[in-house]
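This report refers to the structure that appears directly beneath it.
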Amino acid sequence: MAKLVLGIGTSHGSMLSTPPAQWDGRANADRRNKELAFRGKTYDFESLLALRQADDFAARTTPDARAAQHARCQTQLDILSDILIAARPDVLVIVGDDQHEWFQAEIQPTFGIFCGAQVMNLAPTKEEMEHHTREGRGPSIAGNHPPQDQTYPIAKDLAERIIAQSMDDGFDVAAMMAQPKDAHGMKNLGHAYGFIYRRLLKDQAVPLVPILVNTFYPPNQPSPRRCFDLGKSLARGIAAWDEDARVVAIGSGGLSHFVVDEELDQRMLAAFQSGNEAAITGEADTNFRSGTSETKNWIVAAGMVADTNFKMKLLDYVPCYRSEAGTGNAMAFATWS
Ligand SMILES: [Fe+2]
């Protein structure tokens, strides 16, 4: 029988793959952003700065402070990479979110499970490079996509087993049999998945099952409770797979961004560490907007390990600040074993 041997929670934000001296690219995008989400409200940069003036974030975004934050993250990513490779996974079940990479306005499933034969992580095109450069994250693209196209096999039997289980458990998931295309050709693998292969697996093409959660976009984001319960269902699907395989569950993304909220992150990390289901699922949904919503990928992962004797070990929590208004990305790295 398949066995869950490890859980991982990891941030994947572009600042991890961008030299800290270039974090201003994203800071400038924040300055233009009129929809900065923070604790249930929406701000432009100036009003956010006025709200958070007393926190003196300017002192935490000096060149030295940025370099220290970045270095701490790289140390933990190296450790996570070693842990993941040492676990000798046969399959990864990666929970991520689609940020208009595969899904656009035509369709936006709450939960999608990919069950085709393979996915491709493509070398970035000129158009992709230009798009990400405009968004201030050009330097990070190599953190998600390889210099040459790569193919990762899907653990199709497991994906189908998981879909059957989720349908039994009351989750009407979208099944994806092929990587989507548009007029330019195949759409690239999402950053939530590509980052795991590039940074943690060092391009090893370990088979996977991609779980796509719409954490980001109204109106059909799942609640924290649904995310946790989906995780439990995924774990049942893995346990029901009649194959002697070592499976690693990964929650990819978060924690709070693009406005860092250390209080929210600390509450969630405490809940994950204690395995307190009421606390994990009880946080107000209005707190999980924009990039912060990716914390829900961790909630799914927490649900996947809920019925094991695994405990979360927090390797580090590193709020990375890029502007005086407290914008940036709070990074967290953890294992469940
Ligand atoms: Fe993301």
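If you're matching positions, the sequence shown starts at 411 in the working numbering and goes up one per residue.
Glycine included, every Cβ here is placed at the ideal spot set by N, Cα and C.
Remember, it's a predicted structure, so these values are computed and weren't measured experimentally.
Looking at Phe638: is its Cβ nearer than 8 Å to the Cβ of Ile572? Counted from its first residue, the sequence shown places residue 638 at position 228. Counted from its first residue, the sequence shown places residue 572 at position 162. Not in contact: Phe638 and Ile572 (Cβ atoms no closer than 8 Å).
Could you say which of Ile564, Ala615, Glu511 lies nearest to Gly526 if we only look at CA atoms? If you number the sequence shown from 1, residue 526 lands on position 116. The option with the nearest alpha carbon to Gly526 is Ile564.
**Message:** At the level of alpha carbons, what is the spacing between Asp582 and Ser576?
**Reply:** As a working note, residue 582 is residue 172 in the sequence shown. As a working note, residue 576 is residue 166 in the sequence shown. Approximately 7 Å, taken between the alpha carbons.
Which residue wins for smallest C-alpha separation from Glu687, given the options Phe743, Asp440, Gly641?
The count along the sequence shown starts at 1 and reaches residue 687 at position 277. That would be Gly641, whose Cα lies nearest to the Cα of Glu687.
query = Among Gly600, Gln589, Pro590, which one has its Cα closest to the Cα of Pro534?
reply = The sequence position of residue 534 within the sequence shown is 124, counting from 1. The shortest Cα separation from Pro534 among Gly600, Gln589, Pro590 belongs to Gly600.
### Message
So, for Phe682: in the same chain, excluding its five sequence neighbours on each side, which residues have a beta-carbon less than 6 Å away from its beta-carbon?
### Response
In the sequence shown, residue 682 corresponds to position 272, counting from 1. The residues are Ala712, Met722.
- Task: Please classify Lys591: does DSSP put it in a helix, a strand, or coil?
- Result: Stepping through the sequence shown from its first residue, residue 591 is reached at position 181. Of the three classes helix, strand and coil, the one that applies to Lys591 here is strand, per DSSP.
For Leu458 and Lys755, the rounded distance between their alpha carbons
Not covered by the structure: residue 755. The range shown for the chain is 411 to 747.
Would you kindly report the start and end of the unbroken alpha helix (DSSP H) that includes Trp708? Here residue 708 is taken as the residue at index 298 of the sequence shown, counted from 1. Trp708 -> alpha helix (DSSP H) spans 705-714.
Q: Just mark Gly395 as buried or exposed, buried being the case when its beta carbon has 16 or more other beta carbons within 10 Å.
A: This structure leaves residue 395 out entirely; the chain is present only between 411 and 747.
Practice item. Note the first and the last residue of the continuous alpha helix (DSSP H) segment covering Ile572. Key: Sequence index remark: in the sequence shown, residue 572 carries index 162 (1-based). Start and end: 566-578.
Just tell me which of Glu538, Asp726, Glu704 has its CA closest to the CA of Val669. For this step, residue 669 is matched to residue 259 along the sequence shown. Minimum Cα distance to Val669 is reached at Glu704.
Does the beta-carbon distance from Leu568 to Val501 come in below 8 Å? Translated into the one-based positions of the sequence shown, residue 568 becomes position 158. Translated into the one-based positions of the sequence shown, residue 501 becomes position 91. Yes. Within cutoff.
Problem set entry | Beta carbon of Ala740 nearer than 8 Å to that of Phe455 | In the sequence shown, the residue the question calls residue 740 occupies position 330. In the sequence shown, the residue the question calls residue 455 occupies position 45. Taking 8 Å as the Cβ cut-off, Ala740 and Phe455 do not qualify as a contacting pair.
Where the beta strand (DSSP E) containing Gln560 begins and where it ends
Looking up residue 560 in the sequence shown gives position 150. Where Gln560 is concerned, the enclosing beta strand (DSSP E) stretches over 560-563.
Please list, following the chain, all residues that have a C-beta closer than 7 Å to any non-hydrogen atom of ligand 1.
His422, Gly423, Asp507, Gln509, His601, Ala602, Gly663, Gly701, Glu704
Handout entry: Where the alpha helix (DSSP H) through Gln463 begins and ends
Key = To locate residue 463, count along the sequence shown from 1; it is residue 53. No alpha helix (DSSP H) contains Gln463, which DSSP labels as neither H nor E.
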